[in-house]
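A short worksheet on the structure shown next.
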Amino acid sequence: MCLITITIVFVKIIVTGCFGFIGFNFIKYIFKNYPNDFNVIGIDNLNNSCSILNKEMFNDNNFTHIDLNINDINQLENKDYDMIINFAAESHVDNSISDPVSFVRTNTLGTLNLLNYAKSNNIDRFIHISTDEVYGSSKTKFFEESDKFNPSSPYSASKASAEHLCNAFKKTYGQKVTILRPCNNYGTYQQPEKMIPFSILNLINDKKIEVYGDGRNVRNWIHVNDTSNAILHVISNKYENEVFNVSTDFFISNYELSFKIARSMGFDENRISFIDDRPGHDFRYAASNDNLIKTGWKPHHNFDTSLKEIIEWYMKNTKWWDKEFINANKNRKKRFNLN
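In structure tokens:
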């Protein structure tokens with residue numbers, strides 16, 4: 002993979018959600034590839050067993066973990082930080098349907114408290130990780146950064162609200178805010194409740210892959226390390242008060258993805274079952290990455306090659322996912338009244 006050239010030396014950053022999927026892969030990525038460029042204060046309240054195991058396996062002299070909810074960020078002593086990168090989020094759309102309040106509390110109010118902390122402590126830059134879901138669904142359109150929001154789920158609405166707060170702090174207080182809107186991320190260390198790991202783990206546990214509705218819903222996928230590379234690209238080039246979609250040219254329906262996973266694990270379509278559709282299920286997400294490509298960034302990971310590596314990782318790391326996989330199955334059955 003082609004690495005970017007870091008032009009900033011030893012930046013002190015706060016990384017929220019540092020033991021979640023994208024946040025954890027981001028800190029692993031920067032310390033592997035740029036070990037002497039960053040001092041990281043990682044904020045994570047360790048609200049699941051996967052995050053706890055991520056903490057136990059990660060160690061670096063330039064990293065300090067603070068067990069803290071982002072809504073309590075004012076408890077963090079100011080030590081002249083250069084920027085905040087906000088990964089912290091409740092992100093599983095299914096959960097937002099059954100508990101929208103938690104999503105607003107973390108994704109919207111949490112972002113507000115982080116912005117206030119940045120303003121009060123003169124932290125120069127705020128990098129906010131949003132989602133392409135803020136645009137809503139379209140059967141044909143590729144959304145651009147200037148397009149209006151049309152969120153469909155409580156999750157995407159909470160993220161859109163957070164972006165409005167980012168823009169308000171930029172315009173009202175002069176806070177330097179950069180927003181990235183990634184498409185669906187995939188990779189190792191992704192929580193079992195998400196589609197790709199949940200499908201893999203169902204097959205490992207002699208269950209069927211569950212597909213909502215008729216499976217024709219289309220998603221755009223990007224490797225989490227390509228997302229990490231995009232964030233570093235934005236940081237290094239000092240893009241301020243900008244918005245970038247972070248996406249690829251790889252689109253696939255949920256059924257086709259499920260079949261690809263099954264086939265990669267030696268199964269056929271008989272291991273796929275269709276279940277009642279999710280309420281408000283968007284048909285297609287598609288955000289144009291033209292603006293980010295023009296700056297010199299591009300994704301490097303091939304989905305099929307990466308999928309084989311991901312399957313192998315989950316097969317070898319049972320201890321990492323077993324508790325959360327059980328919880329994911331219980332939550333799904335309870336939420337949608339599945340037998």
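Under this note's numbering, the final residue of the sequence shown carries the number 340; numbering is consecutive throughout. The beta carbon of each residue, even a glycine, is placed where N, CA and C say it ideally should be.
So who's on the other strand from residue i, going by DSSP bridges?
i, result
"residue 185", "222"
"residue 213", "276"
"residue 324", "The partner list for residue 324 (beta bridge, DSSP) is empty, contrary to what the question assumes."
"residue 285", "219"
"residue 126", "84 and 177"
"residue 244", "180"
With a cut-off of 8 Å, does the C-beta of residue i fall near any C-beta of chain D?
i, result
"residue 320", "Although the question refers to chain D, the structure presented lacks it and comprises just one protein chain."
If I measure Cβ to Cβ from residue i and keep anything under 6 Å in the same chain, skipping five residues before and after, which residues do I get?
i, result
"residue 107", "91"
"residue 13", "40, 82 and 83"
"residue 202", "193 and 326"
"residue 345", "Summary: the structure shown does not reach residue 345, with the chain confined to residues 2 through 340, and so no result is reported for it."
"residue 20", "45, 52, 55 and 56"
With a threshold of 7 Å on Cβ separation, who are the neighbours of residue i within its own chain once the five nearest residues in sequence on each side are excluded?
i, result
"residue 26", "188, 190, 225, 226 and 229"
"residue 161", "135, 150 and 152"
"residue 318", "none"
"residue 114", "71, 72 and 74"
"residue 302", "224, 226 and 227"
Taking the CB atoms as reference points, tell me whether residue i and residue j lie closer together than 8 Å.
i, j, result
"residue 200", "residue 254", "no"
"residue 89", "residue 18", "yes"
"residue 177", "residue 242", "yes"
"residue 219", "residue 284", "yes"
"residue 247", "residue 166", "no"
"residue 293", "residue 31", "no"
"residue 236", "residue 128", "yes"
"residue 265", "residue 208", "no"
"residue 28", "residue 87", "no"
"residue 221", "residue 186", "no"
Going by beta carbon distance, what residues of the same chain come within less than 8 Å of residue i, once the five residues before and after it are set aside?
i, result
"residue 174", "120"
"residue 68", "45, 46 and 47"
"residue 274", "209, 210, 211 and 212"
By alpha-carbon positions, which one of the options ends up nearest to residue i?
i, options, result
"residue 304", "109, 208, 223 and 169", "223"
"residue 66", "37, 24 and 252", "24"
"residue 101", "301, 263, 130 and 156", "156"
"residue 277", "48, 104 and 215", "215"
"residue 85", "183, 117 and 58", "117"
"residue 159", "56, 57 and 103", "103"
"residue 77", "256, 290 and 15", "15"
"residue 332", "97, 129, 37 and 145", "97"
"residue 315", "60, 204 and 221", "204"
If residue i and residue j are in contact, beta carbons under 8 Å, what's the gap, nearest whole angstrom?
i, j, result
"residue 51", "residue 322", "7 Å"
"residue 272", "residue 210", "6 Å"
"residue 240", "residue 179", "6 Å"
"residue 154", "residue 281", "6 Å"
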